[in-house]
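Engineer: Residue numbers (my numbering): 1 to 384.
Backbone N, C-alpha and C fix where the C-beta goes; we use that ideal spot for every residue, glycine too.
Keep in mind that this is a model prediction, so the values were computed, not measured.
Attaching a single structure in structure tokens format; questions to follow.
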Ligand code: GLA
């Protein structure tokens, strides 16, 4: 049964009638451009065909009554009295309401239920999906114009100020504004984005994007992430610029050697990753899957050696993926310290690729991976 149908049926069981509104927002995978978003740089993610779906109906008051179907919990909160109460899933919804109201949006109440099939904690942005689906739910029952970049900014504020995670803007931007069939090159300074299609192989065949979940989740993810942010900010200060986005590769090579080793390597990753991301977008426009794959491989080395956010499991996964027939390139994706890798694969080789990678990864690590072939999908939308 589709996720949408499942949520609608559960709504009917609970409320005795069909929902008048159904909204969805997807998770994402980033093809290239890692830890560049909070450096005002470039990212190249795509929304995936896994999402959060909320079925709802308006309420006449300012209350939200919402059931998380996956865990069978219901929460109630009042838009006139939003309180941050810790770690529960409902904080993503409350935080979104808080950020939207703070920004001047007048919101109305609703009641409903939601479920999702973005694996949680895997680095595929299940929380951004929940935030953007929540924004869509409010959009459906209130009166304001839907502006994806504005909603994404409020999602980031929710993460930073309400949930307490210091993340950048990429996940919310792609969940809010993804397009079916394309990845998006996003300039994280201007928030302008450009559609970029997946490239074809030389023989004209399609390529597939395969997500390789290492099934490992490491501790210290947040501190590792926050440390990297600080190191990047220090490097930007050294170069006397607003953000590392403003440092060209020439400037970096000419004047960067005054940085101490770790900060030097962190900055090197960001400066070169921005360049790789722009080149990746060009390679996609030129339908050059070989070049895109090569840039993905280089990006992995940079994250492994200079940014130091990979793990032995992710390295194993990436090496195994890269050594398969029909694989153009592979890299870890997302924040790092566990989670997923992403590979670009010739469509004709996908099935054997998936089987071989799963088998070899398990042999090497004793861990069963989760592998998803995914399609570039639409951003947040109202389905009904
Ligand atoms: C996480 C954050 C994003 C981004 C990536 C790394 O997914 O939420 O903002 O920084 O890590 O590219």
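Provide the residue(s) that pair with residue 46 in DSSP beta bridges, ordered along the chain.
Structural biologist: Note: residue 46 sits in a beta bridge opposite 29.
Engineer: In chain order, what are the residue ranges of uninterrupted alpha helix (DSSP H) at least 4 long that sit wholly in the region 166–248?
Structural biologist: Entirely contained in the region 166–248, the alpha helix (DSSP H) runs reaching 4 residues are, in chain order, 170–177, 221–238.
Engineer: Just to confirm the assignment, what range does the beta strand (DSSP E) spanning residue 162 have?
Structural biologist: Careful: residue 162 lies outside any beta strand (DSSP E) and carries neither H nor E.
Engineer: Check whether the Cβ atoms of residue 339 and residue 332 lie closer than 9 Å to each other.
Structural biologist: Yes.
Engineer: Taking only the alpha-carbon atoms, compute the straight-line gap between residue 241 and residue 154 and give it to the nearest angstrom.
Structural biologist: Approximately 26 Å between the Cα atoms of the pair.
Engineer: On the three-pair Cβ rule with 8 Å, is the region 373–380 touching the region 44–53?
Structural biologist: Verdict: yes, contact present.
Engineer: In whole angstroms, what separates the C-alpha of residue 287 from that of residue 45?
Structural biologist: Taking the straight line from one Cα to the other gives about 17 Å.
Engineer: Would you call residue 253 buried or exposed, if buried means 16 or more other Cβ atoms sit within 10 Å of its Cβ?
Structural biologist: Its Cβ having fewer than 16 others within 10 Å, residue 253 is exposed.
Engineer: I'd like the span of the alpha helix (DSSP H) that includes residue 331, first residue to last.
Structural biologist: Here residue 331 belongs to no alpha helix (DSSP H); instead the beta strand (DSSP E) covers 327–332.
Engineer: Could you round the C-beta distance between residue 53 and residue 4 to whole angstroms and report it? I think they count as a contact, below 8 Å.
Structural biologist: At roughly 5 Å, the Cβ-Cβ gap stays under 8 Å, so residue 53 and residue 4 are in contact.
Engineer: Within this structure, are the beta carbons of residue 249 and residue 277 separated by less than 9 Å?
Structural biologist: Contact flag unset, no.
Engineer: Buried or exposed, going by whether 16 or more other CB atoms sit within 10 Å of the CB of residue 41?
Structural biologist: The residue in question, residue 41, is buried, as its Cβ has 16 or more Cβ neighbours within 10 Å.
Engineer: How close, in whole Å, do the beta carbons of residue 107 and residue 138 come, if the pair is a contact with beta carbons under 8 Å?
Structural biologist: At roughly 5 Å, the Cβ-Cβ gap stays under 8 Å, so residue 107 and residue 138 are in contact.
Engineer: To the nearest angstrom, how far is it from the Cα of residue 300 to the Cα of residue 2?
Structural biologist: Going from the Cα of residue 300 to the Cα of residue 2 covers about 35 Å.
Engineer: Since residue 321 and residue 341 are thought to touch, with beta carbons under 8 Å apart, how far apart are those beta carbons, to the nearest angstrom?
Structural biologist: Contact holds; Cβ gap of about 6 Å.
Engineer: Within the present structure, is the beta-carbon of residue 35 separated from the nearest heavy atom of ligand 1 by less than 8 Å?
Structural biologist: Because some heavy atom of ligand 1 lies under 8 Å away, the Cβ of residue 35 counts as near it: yes.
Engineer: Excluding five sequence neighbours on each side, which residues of the same chain lie with their C-beta closer than 6 Å to the C-beta of residue 20?
Structural biologist: Excluding residues within five positions, the ones whose Cβ falls inside 6 Å are 57.
Engineer: With respect to 8 Å, is the separation between the Cβ of residue 38 and the closest non-hydrogen atom of ligand 1 below this value?
Structural biologist: Yes, the beta carbon of residue 38 sits closer than 8 Å to at least one heavy atom of ligand 1.
Engineer: Cα separation between residue 26 and residue 369?
Structural biologist: The straight-line gap from Cα to Cα measures roughly 22 Å.
Engineer: Looking at ligand 1, does it come within less than 8 Å of residue 204, judged from the CB to the closest heavy atom?
Structural biologist: No, the Cβ of residue 204 stays beyond 8 Å of every heavy atom of ligand 1.
Engineer: Is residue 267 helix, strand or coil by DSSP?
Structural biologist: Correct three-state label for residue 267: helix.
Engineer: Okay, do the region 63–79 and the region 193–207 touch, 3+ Cβ pairs below 8 Å being the bar?
Structural biologist: No, the region 63–79 does not touch the region 193–207.
Engineer: Kindly indicate which residue of 308, 149, 75 has the alpha-carbon position closest to the one of residue 174.
Structural biologist: Out of 308, 149, 75, 149 has the C-alpha closest to the C-alpha of residue 174.
Engineer: Return yes when the C-beta of residue 30 is under 8 Å from any heavy atom of ligand 1, and no when it is not.
Structural biologist: Correct: residue 30 has its Cβ closer than 8 Å to ligand 1.
Engineer: Checking 9 Å against the spacing of the C-beta atoms, do residue 209 and residue 289 come in under that value?
Structural biologist: Against a cut-off of 9 Å, the Cβ pair of residue 289 and residue 209 comes out as no contact.
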